[in-house]
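K.L.:
Be aware that the sequence shown starts at 29, since it is given in the numbering used here, and climbs by one per residue.
Right, I'll just put the structure down here and ask away after.
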Amino acid sequence: MQTKMQFQKHADVVSADGEVVGQLDRIVLDPDNKVVTHLVVHKGTLFSQEDILVPIELVTETNPDQIVLHYEAGDLESFPPFEEERIVEPQEDSDRPPLPDETELRPLIYGSPVIGMPIGQTTGERLITHIEKNIPEGTVALKEGAKVITADGKHVGNVERVLTDIPEEQVTHLLISRGFLSQSTKLIPIDWVRSVNEEEVNLVVNKVSIDDLADTSSVQ
């Protein structure tokens, strides 16, 4: 029985009936208690793509290259998208003039000499498309390959893998990779993490502490 789970960027996500339904794109976690709540799974083809939000409770087992769910592929069709477009009206107190928008691309009626006005729209109002993430309030959708920054401001690598305990799903370590032609990896205790946002993981230790960690690339 697995006592830990690991979530590797781009790992295949496999349904209970053995179908590859997508690849891991992001990990949603609570930055305060470091608990993973959801996975963002990228699914689709070149012409039809979407990211869906999968609760962590649906994961039965993991290895570096694969995440197995206990739902069948067809059941995942009802899962919410990671991001949704919502149409909102501009704020009434906004003093900025309206800008051209796709919602304003309408035929023009021209008079004399050359005066145009969009049909059915005379107020200059426009609607705004707003992208919202369907994740729990207060959580962060950590991007694959997020930068890891030390307390002295050094970029020491990128998040390669997230390791958690079972069943709490609390993050215990981050595996980071660094280097281009010859990559090395380091295993960072979650206690060394000060803060997390979508783009970055900020540490409480300096670069020298990361340099002192053993290279784990040969034992993965």
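Note that the Cβ used here is the ideal one computed from N, Cα and C, for glycine as well.
Starting from residue 236 and walking both ways along the alpha helix (DSSP H), at which residues does that stretch end?
P.N.:
Element bounds for residue 236: 235-239.
K.L.:
Compare the beta carbon distance of residue 238 and residue 184 with 9 Å and say whether it is the shorter of the two.
P.N.:
In this structure, residue 184 lies closer than 9 Å to residue 238 by Cβ.
K.L.:
Rounded to whole angstroms, how far is the Cβ of residue 52 from the Cβ of residue 69, which I believe are closer than 8 Å?
P.N.:
Correct: roughly 6 Å between the Cβ atoms.
K.L.:
If I follow the unbroken beta strand (DSSP E) through residue 89, where does it start and stop?
P.N.:
Here the beta strand (DSSP E) through residue 89 covers 87-91.
K.L.:
Can you find at least 3 beta carbon pairs, one from the region 94-107 and one from the region 202-221, that sit closer than 8 Å?
P.N.:
No, because fewer than three Cβ pairs between the region 94-107 and the region 202-221 fall closer than 8 Å, the two stretches do not touch.
K.L.:
Where do the N-terminal and C-terminal ends of the beta strand (DSSP E) with residue 212 fall, by residue?
P.N.:
Looking at the DSSP string, the run of the beta strand (DSSP E) that includes residue 212 is 212-217.
K.L.:
Could you spell out the range, first to last residue, of the beta strand (DSSP E) harbouring residue 77?
P.N.:
From DSSP, the beta strand (DSSP E) with residue 77 extends over 77-83.
K.L.:
State whether the region 186-203 contacts the region 30-42, with contact taken as three or more CB pairs (one from each stretch) at a distance under 8 Å.
P.N.:
Output reads yes: the region 30-42 touches the region 186-203.
K.L.:
On the DSSP bridge assignment, give the partners of residue 230 in chain order.
P.N.:
Paired residues: 177, 223.
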